[in-house]
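Residue numbers (the numbering used here): 24 to 164.
Cβ atoms here follow ideal geometry from the backbone N, Cα and C, with glycine treated the same way.
Remember, predicted model here, so these are calculated numbers, not experimental data.
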């Protein structure tokens, strides 16, 4: 099964990145501004009709499992591995479990890259570019 993989360095301690990934307020500031729910371990959060279960959350690894409605994402698992190196937190991102590398996967890979840069901006400077102010990569997308 193919995976989406990205790496970004963030000039902040891992705990600050962890908080941006495990609180609804954090997620609202880098991914989707209409996020609701509980982003801590064992919780679930949603935006629009997307729902994610937080299956693991500690200072070195955060994992989410997606549960609809985008059929291509079911049953992918999204993970953020956090490693402190050379004065920065390295975020190793993976969306694992795609059934096949369809065009939508390519689109999602590019969107994840923009959201990871939004996460970086939010943690480093206090302001990200969450949806709907995100970087658009196609007309009406």
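Cα-Cα separation, residue i to residue j
i           : j           : result
residue 233 : residue 88  : Residue 233 falls outside the range modelled here, since the chain spans only 24 to 164, and no answer is possible.
residue 140 : residue 154 : 13 Å
residue 163 : residue 82  : 36 Å
residue 31  : residue 126 : 23 Å
residue 53  : residue 156 : 10 Å
residue 149 : residue 106 : 21 Å
residue 168 : residue 43  : Examination of residue 168 is not possible in this model, given that the chain is present from 24 through 164 alone.
residue 35  : residue 115 : 15 Å
Check whether residue i and residue j have beta carbons under 7 Å apart
i           : j           : result
residue 33  : residue 112 : yes
residue 108 : residue 84  : no
residue 63  : residue 45  : yes
residue 41  : residue 55  : no
residue 8   : residue 50  : Beyond the ends of the chain as shown, which are 24 and 164, falls residue 8; an answer cannot be given.
Classification of residue i by the beta-carbon crowding that lies within 10 angstroms, buried from 16 upward
i           : result
residue 57  : exposed
residue 97  : exposed
residue 86  : buried
residue 222 : Nothing can be reported for residue 222, as the shown portion of the chain is limited to 24 through 164.
residue 65  : exposed
residue 151 : buried
Whole-number beta carbon distance between residue j and residue i, since they are thought to touch under 8 Å
i           : j           : result
residue 134 : residue 160 : 6 Å
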